[in-house]
């Protein structure tokens with residue numbers, strides 16, 4: 029593990045009834061990083077240290093990916109559910125927008 033990686037914090041939050049894993053580094057305004065398919069938070073590993081100089085960077089594992097919960101129902105993977113997850117994470121971290 030590199031010195032940069034050792035400064036990352038792996039944490040969990042529950043949003044929209046789903047336990048979500050994220051990695052965070054830095055302080056300040058929130059910068060939320062959302063991966064695409066079929067990625068997970070690690071796809072942001074090169075950007076996290078740069079942006080963490082000025083922001084609280086949160087690289088989220090979306091539902092169904094990596095260390096986040098994986099609901100069984102197909103209906104759990106519609107865009108409205110992902111949006112509720114993201115809104116819940118933002119509020120859970122103490123940010124309003």
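In the working numbering, the protein residues as written are 29 to 125. A virtual CB, placed ideally from N, CA and C, is assigned to each residue, including glycine.
- No Cβ-Cβ contact shorter than 8 Å links residue 113 with residue 58.
- 8 Å or more divides the Cβ of residue 88 from the Cβ of residue 107.
- Per DSSP, the continuous alpha helix (DSSP H) segment holding residue 114 begins and ends at 107-120.
- In the three-state DSSP reduction, residue 70 falls in the helix class (H, G or I).
- Sorting 121, 46 and 83 by C-alpha distance to the C-alpha of residue 109 places 46 at the top.
- Ranking 97, 39, 117 and 124 by CA distance to the CA of residue 52 puts 39 first.
- By the 16-neighbour rule on beta-carbons within 10 angstroms, residue 34 is exposed.
- Taking C-alpha positions only, residue 101 is separated from residue 90 by approximately 15 Å.
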